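*Asks:* Let me give you the structure first, and then I'll get to my questions.
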Amino acid sequence: MGELATTDFDLESTVESGQIFRWEKEGSGYRISHAAEHFHIEQKGNTLTYKGTTQEFLTRFFGLDVDYAAIKKSLGRDRTLATAIKAYPGIRILRQDPWECTVGFLCSSFSNIKKIQMNMRKLAECFSDGKKFPLPTQLNHHGKIKACSTGYRSKYIYETSRNVSPLYFQHLQAQPYEKAKEALMRLPGIGEKVADCICLFALGHTEAFPVDVWIKRVMEELYFNGKTMKEKEIRAFAARQWGPYAGYAQQYLFHWRRLR
534 MGELATTDFD LESTVESGQI FRWEKEGSGY RISHAAEHFH IEQKGNTLTY KGTTQEFLTR
594 FFGLDVDYAA IKKSLGRDRT LATAIKAYPG IRILRQDPWE CTVGFLCSSF SNIKKIQMNM
654 RKLAECFSDG KKFPLPTQLN HHGKIKACST GYRSKYIYET SRNVSPLYFQ HLQAQPYEKA
714 KEALMRLPGI GEKVADCICL FALGHTEAFP VDVWIKRVME ELYFNGKTMK EKEIRAFAAR
774 QWGPYAGYAQ QYLFHWRRLR
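So the sequence shown is numbered by the working numbering: it starts at 534 and just counts up by one.
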């Protein structure tokens, strides 16, 4: 067992905030599988106790090397957003494996977190050892993908797996946000919301502002006096309001509104 001291971090809020899907509660902590990692982790106060992975991985994965105090200070000038930050001050943006993140959010279309979790678990069991997430080259059978309860999304997962590679995602990580997003939207089944999720949760583009039903609702309630707005108008507002921190604002608002 290893230990890691943290500040400004809440394991529960971060894991259960809809960013990742291959996790389950285990004892007083969580059993998490992501890409090739499979580990147990729990939190007591400001200390993380973990088994099955390294401090280096956890620091990067959970963004423990990011100055969240400065981010919250900047975002907290927005009094409306400050309420969500105060409710969940320890939530963090994860740094995910781009491929697993892509498949997870391909599964998210017209779905919910529990069903996405089931899809991702079945894919890992069917195409890998149940712990490691299958590589694009392993997700090579459309019928078996569909048998993992993915429905119409199966064709998008299958077709995307034939169009990407680790080098593809490395290239996207080096691109500016807008270019990375445009490239992702050329893949089968990826629209603006899914592209923004991948940009934010896997490619490090913290200016991305994914707009789903929860975010659309909370933004209309809090910033547009209940007026129905187009998604592109909400994204434009977020860019003006929060700039490079828009993605952090989105996650505070998403988690707060979903659990309110």
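Just so you know, even glycine gets a beta-carbon here, dropped at the ideal spot from N, CA and C.
Quick caveat: nothing in here was measured; it's all calculated off a predicted structure.
1) By DSSP, does E549 sit in helix, in strand, or in coil?
2) With DSSP collapsed to three states, give me the class of G562.
3) Decide if M474 is buried, meaning its Cβ has at least 16 other Cβ atoms within 10 Å, or exposed.
4) Reducing DSSP to helix, strand and coil, say where K577 ends up.
5) R695 to G609, Cα distance in whole Å?
6) Are R564 and G596 touching if we call contact CB-CB under 8 Å?
7) When you compare each of K677, S607 and G535 to E589 by their alpha carbons, which one comes out closest?
8) When the Cα of H675 is compared with those of Y583, Q774, S687 and S642, which residue comes out closest?
9) Could you give the first and the last residue of the continuous alpha helix (DSSP H) run that contains G668?
10) Are the stretch 659 to 669 and the stretch 575 to 584 touching by the rule of at least three beta carbon pairs closer than 8 Å?
11) Can you tell me the Cβ-Cβ gap for I574 and G560, rounded? I've got them flagged as a contact below 8 Å.
12) Is it true that the stretch 773 to 787 meets the stretch 734 to 753, where meeting means three or more beta-carbon pairs spaced less than 8 Å apart?
13) Among Q774, T592 and G724, which one has its Cα closest to the Cα of E544?
14) Residues in the same chain with beta-carbon distance under 6 Å from V548, minus the five sequence neighbours each way, listed in chain order, please.
15) Please state whether DSSP places S608 in a helix, a strand or coil.
16) Alpha helix (DSSP H) containing E589: first to last residue?
17) For P631, tell me which candidate among D611, Y756, P669 and K619 has the shortest Cα-Cα distance.
18) Quick check: the Cα distance between V727 and R768, rounded to an integer number of angstroms?
*Replies:* Put simply:
1) Counted from its first residue, the sequence shown places residue 549 at position 16. Coil, per DSSP.
2) The residue labelled residue 562 in the question sits at position 29 within the sequence shown. DSSP places G562 in strand when its eight states are reduced to three.
3) No answer is possible for residue 474: it lies beyond the span of the chain, which begins at 534 and ends at 793.
4) As a working mapping, residue 577 is identified with position 44 in the sequence shown. Correct three-state label for K577: strand.
5) One-based indexing of the sequence shown puts residue 695 at position 162. One-based indexing of the sequence shown puts residue 609 at position 76. Their Cα atoms are separated by approximately 43 Å.
6) Here residue 564 corresponds to residue number 31 of the sequence shown, with the count starting at 1. Here residue 596 corresponds to residue number 63 of the sequence shown, with the count starting at 1. A distance of 8 Å or more separates the beta carbons of R564 and G596.
7) Within the sequence shown, the letter at position 56 stands for residue 589. Of the candidates K677, S607 and G535, the one whose C-alpha sits nearest the C-alpha of E589 is G535.
8) The residue given as residue 675 occupies position 142 in the sequence shown. Closest by alpha carbon: S687.
9) Taking the sequence shown and counting its residues from 1, the one referred to as residue 668 is at position 135. Note that residue 668 corresponds to Leu in the displayed sequence, not to Gly. That residue, L668, is in no alpha helix (DSSP H); it is neither H nor E in DSSP.
10) As far as the Cβ criterion goes, the stretch 659 to 669 does not touch the stretch 575 to 584, which means the pair count is below three.
11) Stepping through the sequence shown from its first residue, residue 574 is reached at position 41. Stepping through the sequence shown from its first residue, residue 560 is reached at position 27. The C-beta separation of I574 from G560 comes to about 11 Å, leaving the pair out of contact by the 8 Å criterion.
12) Taking one beta carbon from each stretch, the stretch 773 to 787 and the stretch 734 to 753 have 3 or more pairs nearer than 8 Å; the two touch.
13) What you label residue 544 is simply residue 11 of the sequence shown in a count that begins at 1. According to the sequence displayed, residue 544 carries Leu and not Glu. Checking every option, the nearest Cα to that of L544 belongs to T592.
14) For the purposes of this step, residue 548 is taken as the residue at position 15 of the sequence shown. Correct list, in chain order: W556 and Y563.
15) Position 75 of the sequence shown, counted from the first residue, corresponds to residue 608. Before going on, a small fix: residue 608 reads as Leu here, not Ser. Three-state DSSP puts L608 in a helix.
16) The residue you call residue 589 lines up with position 56 of the sequence shown. From DSSP, the alpha helix (DSSP H) with E589 extends over Q588 to F594.
17) The residue given as residue 631 occupies position 98 in the sequence shown. Nearest to P631 by alpha-carbon distance, out of D611, Y756, P669 and K619, is P669.
18) The sequence position of residue 727 within the sequence shown is 194, counting from 1. The sequence position of residue 768 within the sequence shown is 235, counting from 1. The alpha-carbon atoms of V727 and R768 are separated by roughly 14 Å.
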